[in-house]
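> Quick mapping for you: the protein sequence lines, in order, are chains A and B.
Going by full-length UniProt numbering, 362 is the number at position 362 of the first sequence; the sequence numbering is gapless.
Going by full-length UniProt numbering, 354 is the number at position 354 of the second sequence; the sequence numbering is gapless.
Don't be surprised by glycine CBs; every beta carbon is placed ideally from N, CA and C.
This structure is in structure tokens; I'll ask about it shortly.
2 protein chains.
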Amino acid sequence: MVFKVTVSSARRATRTLWLLALVSLPVCISVCRASSPQEDSAMENIVTEKKAEESHRQDSADLLIFILLLTLTILTIWLFKHRRFRFLHETGLAMIYGLIVGVILRYGIIHVPLDVGNITLNCQVNASPATLLVNVSGKFYEYTLKGEISGNDMKDNEMLRKVTFDPEVFFNILLPPIIFHAGYSLKRRHFFRNMGSILAYAFLGTVISCFIIGLLMYGCVTLMKQVGQLNGDFFFTDCLFFGAIVSATDPVTVLAIFNELQVDVDLYALLFGESVLNDAVAVVLSSSIVAYQPEGDNSHTFEVMAMLKSFGIFLGVFSGSFALGVATGIYVVKFFDCGVHVTKFTKLRDFQLLETALFFLMSWSTFLLAEACGFTGVVAVLFCGITQAHYTYNNLSPESQDRTKQLFELLNFLAENFIFSYMGLTLFTFQNHVFNPMFIVGAFHTSFAFVLNHVLTQVALFIGRAANIYPLSFLLNLGRRNKIRSNFQHMMMFAGLRGAMTFALSIRDTATYARQMMFSTTLLVVFFTVWICGGGTTQMLSCQRIRVGVDSDQDNSMSVGEGSERRSTKQESAWLFRIWYNFDHKYPLLNYAKVTSFFPQICCVSLNNLCFFFLQNECQLKDDDSDLILRDGDINLTYGDITVSTDASGAHTSGGPAFAGAATSDDLDRELAYGDHELVMRGTRLVLPMDDSEPPFTEPHHRMRM
Amino acid sequence: MVFKVTVSSARRATRTLWLLALVSLPVCISVCRASSPQEDSAMENIVTEKKAEESHRQDSADLLIFILLLTLTILTIWLFKHRRFRFLHETGLAMIYGLIVGVILRYGIIHVPLDVGNITLNCQVNASPATLLVNVSGKFYEYTLKGEISGNDMKDNEMLRKVTFDPEVFFNILLPPIIFHAGYSLKRRHFFRNMGSILAYAFLGTVISCFIIGLLMYGCVTLMKQVGQLNGDFFFTDCLFFGAIVSATDPVTVLAIFNELQVDVDLYALLFGESVLNDAVAVVLSSSIVAYQPEGDNSHTFEVMAMLKSFGIFLGVFSGSFALGVATGIYVVKFFDCGVHVTKFTKLRDFQLLETALFFLMSWSTFLLAEACGFTGVVAVLFCGITQAHYTYNNLSPESQDRTKQLFELLNFLAENFIFSYMGLTLFTFQNHVFNPMFIVGAFHTSFAFVLNHVLTQVALFIGRAANIYPLSFLLNLGRRNKIRSNFQHMMMFAGLRGAMTFALSIRDTATYARQMMFSTTLLVVFFTVWICGGGTTQMLSCQRIRVGVDSDQDNSMSVGEGSERRSTKQESAWLFRIWYNFDHKYPLLNYAKVTSFFPQICCVSLNNLCFFFLQNECQLKDDDSDLILRDGDINLTYGDITVSTDASGAHTSGGPAFAGAATSDDLDRELAYGDHELVMRGTRLVLPMDDSEPPFTEPHHRMRM
């Protein structure tokens, strides 16, 4: 009976959702149309007012479309979660809904002609300035540049141009919360343990991938040029730029499934860490490729000086943004840290609203500051997030910990789904798409050529990704004790999805023919990877025999006695972790006891630098209180015995002051030992219903390392 | 020792803050200046790119100023809270900081000349269209209208124009969360008990105040015209418009102090309810005054038809927005209500992120939907908030209850402080201020005339407020058993602060001379009321002998035996409450048991109406589960005995199903009786250190009703 009710309720819910979808779309469109011009009035003033009102209504309706799209997406996700559908992630779903609305807007009922209010001025101006002053019978009106539109589109759909957002919105409003959230929610223990590999994948891997894809695409482009299928310029720098933007992986779909199925934490850390960091690398890489300008007449030749300059820009911008992010992150930490000290008197922790607001504002100002200084805000905000997660988080009051986590979780969720639904929408509403019917001259049908184009790009991406993962994994495995196994490598290869960052980078500039073509291709790449690779994740996990159901919180107790083959040594691959760890303990920057002594040396970058010295005084004064502060849980765990036994590793002692002065190498050994023996296989392998080849493993410890 | 540390730490914190203030401002300004043009390149494309980058950096820097301002404000508030300074609220503080930055921007070091990129076009166009297409050597560029600028300002400060936001930002982005939060956090029991009075103050009072102020201002304007001090048109409709916008009170400062000192809950409810609702009334009133257009040549004469039309617009827009807000509110409730039913199977409550996101999106879509339909989004979102607080809130999971409350609290906090700091900034940076040196022809100094102008406006506002409060209170007291005492009336009179809504309404349109003058005057009115009235709240409370320290949560137990003079009768003033109560119980719309039966009759307005019927089926199916749902705590409280005794009123029974069918008049009697006997004076009177005239009352029950 109960089951029956469940089924029928689910069926009804499905029906409701689809009806809601079908009903609300035409409705919201008719709302858009409802803003028809009303009765004309003689007075100019009232006409202007009405026009403004009109335009305002239109804007509201446009935004309403997106809100309804998001609502619809959430409702459907809810249904999916209920039914445990894993083949389509919310982002993929958002894209599908966006696509549907895009089709309706493009080919649907509404073709609002160009507003009569649009007046074309033919003027003798050579450039298109950002601001225009128009002298209308003595009065000056200010106009701001919105962008170039092609001649055809003018007569075309007013509506379509209306639903096209300013590309900077993505880069400056929607991306920062996503990136900050990624940094703030990095699983730090696993991240730091695999830091070396992650950095290798993110830096070397992205650069390799960028150049491989760039070269392959240049080959394609040269071929196209000779066949005569190219209608505009497409230089090698353009190809490299394309390589850079599609090197930013965003396996949000895959990670969501990993999280849900509790896949091996190290694979998760590798994938997540790589995807977070290579976003940052890709942004800086693409901007330094754009900055490549050889002197002389031919601006697209190879020139060593220009290349070195680009390389310098890359290093400068990246390290600058990194330093800024970390510095402001540390500044915030410092602030909240002192807040804790001062707390006993002034109680910032009692005003959770103030605390949360401060946290939010300071994180945002990191982004803005970096952008204002000419650095990359996205990179700065990422490292600010990582720093804050590492230090600040523990200094916040418990309520604020929840609040900040929830706030950024919500912002991330909304921004991500918005971007993906906009992607779907823009496939049909964007005005300057260049879907190039390439390579195939006469014999094949255009749509086939179009598919082939996409396939070739996809192959290039595939090769680029392969050239990133496999050689690097081989090299890393030489140094790592905890090898990255081949099934992990295949999974990482497969999880090379492209997402929000690639889209934001490609939509940022669609002025030239090459960029327009890139944008169109990028859209298709994102669709393909999110739907196909994202949808096939569970199958791939099952196929690669990667275990699921690993409880990362119970690591300590579960792992004991399993990973005995890999005892800690000083030759552990995590040498980067070792360096950082030593540094972090020798110079206890922030939430450790000796807060003040090393500060001025490190944080000279921050805007509010001067303030440090004063805050320092605060802290110095209350040095004796600092013992009461619980330090970062990941670092503070000390173990009674280096030999691994269930009891010892289970007993955490938050021995704050013991560590405070400087970390001995013994401490590190223990830490690494602790970190190391967690690295074992555990959990059950995912067995899909269709996968009958092997019996399911019921005992979690059955299958050992291969 | 501890005390010494406290003092010195506080002193250091103060010093730090001021230094932070002094240091960060020039720094952020120098950041703005840092964006100087870099080396010129021959290629036009790169020039354009650089220009865009430049402009983007500038935008970031501008926004950074505001973020730093907010951060500074929060830090100072923290200090103030520590020191228990109550004379300056955070909003007042935000204004002061805004003012300082405004002065620096205006008269400080930076006077960036107009960008060379600005090209003035002299064209033969009669109107200023919203969108402009400029044909630059074959390519079409789209420009959007930003606004009119006066001739002088063109050569003036580029920077100043940059920090001026689009006025619509305030109305469409910053105001909705403030208003929604106000509706969502209405203390409902006290609000509904005083509903009659609140509605009277909000509707009648606002209209009275609007007309009184309009008439007085018209008198002033006529006088000015005769003296020759008026440089532009100023019609009676303009005066009325001014009356409408300054009738929106916003006693956020006063309410914050009330909350902190726990002032009498009924006074709080009256003030808060009035201020929330009169915002809504003022918005609709001002838009219907703008819509007043008599036919014929002279468009500013009195005409009955036009006035009736305006009145009709007022009624139509208000009731439309109201209905839309309530309908979507109910729709959301309905959704979450069914969510609860369906929960047992699909568990929406388990996905708090989805729940919170849905709640947020649905509330926002109410605003957008209302705007897109031509109604007033602010009004819709207010009633949506009230409806959701009344019904939805209890259907949310506990985590989502916290999340949504905290989210809107944060948004409200940030938006409010942003608006106030922008107000401070704009006093010096706004380009079209008309500070009219009025009334005084030759003898007096301009600044004196300026002060006098302000004083006259202030007097008009004072009289308008008095004509609202006192006569209405007198009339209401005829009907109320629980009289609004004279000290409450004085306090309400005093708490007539103007704030965010007045500002947003006045900055929305600054096209004409009259509107510019209004805007300038409004700014001064806000400054004056927030600083003077807001700062004097504690003094006023003390002076009016209004008790503080009333714990609204302990009402029930505390009030017993005190308010015995006012037993419940059916002639209670809360007849509106009675009607609503009966309706709410007879037609148990939402979170009561019989959810389905009355739905279609009521919610025919909503966009997603069709969906109801399907959701209904869901609910009908699970009618038998509904007993498990706890209903609204405010309504559900039943009392064993109608006679008031400590035990009886303290014992809450959440007897859900007992009420479900229809409320008998006995139920209502009990409810009102319960509501009534709470209305007594309790708590201690606030005694300020300077107030030595009377000894402090230590016993809470000492002073009885006067």
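#1: With A:ARG498 and A:VAL455 assumed to form a contact (beta carbons below 8 Å), what rounded beta-carbon distance in angstroms separates them?
#2: So, does the segment 244-251 of chain A touch the segment 205-212 of chain A, judging by three or more C-beta pairs under 8 Å?
#3: Considering Cα atoms alone, identify which of A:LEU63, A:LEU72, A:LEU93, A:GLU54 is closest to A:GLY534.
#4: Mind reading off the beta-carbon distance from B:ILE198 to B:LEU255? Whole number of angstroms is fine, and I expect it under 8 Å.
#5: In whole angstroms, what separates the C-alpha of A:GLU54 from that of B:ASP509?
#6: With the cut-off set at 8 Å, would you say B:ILE245 and B:SER286 are in Cβ contact?
#7: Output yes if chain B places a C-beta closer than 8 Å to the C-beta of A:GLU409; else output no.
#8: With which residues is B:THR249 paired in a DSSP beta bridge?
#9: What separation, rounded to the nearest whole angstrom, lies between the Cα atoms of B:MET501 and B:ASP279?
#10: What distance in whole Å lies between the Cβ atoms of A:CYS384 and A:GLY320, which are believed to be in contact at a cut-off of 8 Å?
#11: Which of the three DSSP states, helix, strand or coil, is assigned to B:TYR292?
#12: Please compile the residues from chain A whose C-beta is within a distance smaller than 7 Å of the C-beta of B:HIS89.
#13: Answer with yes or no whether the minimum CB distance from A:TRP531 to chain B is below 8 Å.
#14: Which residues, in order along the segment 358-379 of chain B, keep a beta-carbon less than 9 Å from a beta-carbon of chain A?
#15: Using a Cβ-Cβ cut-off of less than 8 Å, give me the residues of the segment 69-85 of chain B that come near chain A, in sequence order.
#16: Give the interface partners of A:GLN406 over in chain B, defined as CB-CB distance under 9 Å, in chain order.
#17: Using the C-alpha atoms, what's the distance from A:ILE178 back to A:ALA202?
#18: Going by DSSP in three states, A:VAL227 sits in which element: helix, strand or coil?
#19: Mind checking whether the beta-carbon of A:TYR470 lies closer than 7 Å to any heavy atom of the ligand NAD?
#20: Got a sec, what are the start and stop residues for the alpha helix (DSSP H) B:ALA202 sits in?
#21: Am I right that B:LEU368 and B:VAL276 are in contact with their C-beta atoms under 8 Å? What's the rounded C-beta distance?
#22: For A:ALA504 and A:PHE170, which I take to be in contact (beta-carbon distance under 8 Å), what is that distance rounded to the nearest angstrom?
#23: Quick one: Cα of B:ASP59 to Cα of B:LEU223, how far?
#24: Which residues, taken in chain order from the segment 463-497 of chain B, show a beta carbon closer than 9 Å to some beta carbon of chain A?
#25: Leaving out five residues on either side along the sequence, give the residues of the same chain with a beta carbon under 8 Å from the beta carbon of A:GLU399.
#26: Under a three-way DSSP split, which group does B:ASP233 fall into?
#27: Helix, strand or coil: which one does DSSP assign to B:THR71?
#28: So, under 8 Å CB-CB, B:PHE430 and B:THR91 are touching, yes? Tell me the CB distance rounded to an integer number of Å.
#29: Can you grab the Cα-Cα spacing for the pair A:THR73 / B:SER310, in whole Å?
#30: Can you name the residues of chain C whose CB is closer than 7 Å to the CB of B:SER60?
#31: Using a Cβ-Cβ cutoff of 7 Å, what residues of the segment 235-252 of chain B are near chain A? List them in chain order.
#32: Cβ closer than 7 Å: which chain B residues qualify as neighbours of A:ILE67?
#33: Would you give the residue range spanned by the alpha helix (DSSP H) that B:HIS181 belongs to?
#34: Can you list, in chain order, the residues of the segment 412-433 of chain B whose Cβ is nearer than 9 Å to any Cβ on chain A?
#35: Can you find the residues in the same chain that come closer than 6 Å, C-beta to C-beta, to A:GLY273, ignoring five residues on each side of it along the sequence?
#36: Do B:THR356 and A:LEU410 have their C-beta atoms within less than 8 Å of each other?
Short version:
#1: Beta-carbon to beta-carbon, A:ARG498 and A:VAL455 are separated by about 16 Å, too far to satisfy the 8 Å threshold.
#2: yes
#3: A:LEU93
#4: The beta carbons of B:ILE198 and B:LEU255 sit about 14 Å from each other, so the pair does not count as a contact at 8 Å.
#5: 15 Å
#6: Cβ distance < 8 Å, so B:ILE245 and B:SER286 count as in contact.
#7: yes
#8: B:ARG498
#9: 7 Å
#10: At roughly 13 Å, the Cβ-Cβ gap does not stay under 8 Å, so A:GLY320 and A:CYS384 are not in contact.
#11: coil
#12: Result: empty, since nearest Cβ-Cβ is about 14 Å, beyond 7 Å.
#13: no
#14: LEU358, PHE360, LEU361, MET362, TRP364, SER365, PHE367, LEU368, LEU369, ALA370, GLU371, ALA372, CYS373, GLY374, GLY377
#15: The segment 69-85 of chain B vs chain A, Cβ under 8 Å: LEU70, THR71, ILE74, LEU75, ILE77, TRP78, LEU79, LYS81, HIS82.
#16: GLN352, LEU353, THR356, GLU399, ASP402, ARG403, GLN406, LEU407
#17: 18 Å
#18: helix
#19: The ligand NAD is not among the ligands present in this structure, which contains no ligands whatsoever.
#20: Membership of B:ALA202 in any alpha helix (DSSP H) is not indicated, and neither H nor E is assigned to it by DSSP.
#21: At roughly 21 Å, the Cβ-Cβ gap does not stay under 8 Å, so B:LEU368 and B:VAL276 are not in contact.
#22: 4 Å
#23: Rounded to whole angstroms, B:ASP59 to B:LEU223 spans 44 Å at the Cα level.
#24: Within the segment 463-497 of chain B, contact with chain A at the beta-carbon level (separation under 9 Å) is assigned to no residue.
#25: GLN352
#26: coil
#27: helix
#28: Incorrect: roughly 19 Å between the Cβ atoms, too far for contact.
#29: 41 Å
#30: Given the protein chain composition of this structure (A and B), no chain C is represented.
#31: Per Cβ criterion, the list is empty.
#32: Taking the beta carbon of A:ILE67 as reference, the chain B residues within 7 Å of it are LEU361, TRP364, SER365, LEU368, listed in sequence order.
#33: 175-184
#34: Among the residues of the segment 412-433 of chain B, those with a Cβ less than 9 Å away from any Cβ of chain A are PHE413, LEU414, ASN417, in the order of the chain.
#35: PHE191, ILE198
#36: yes
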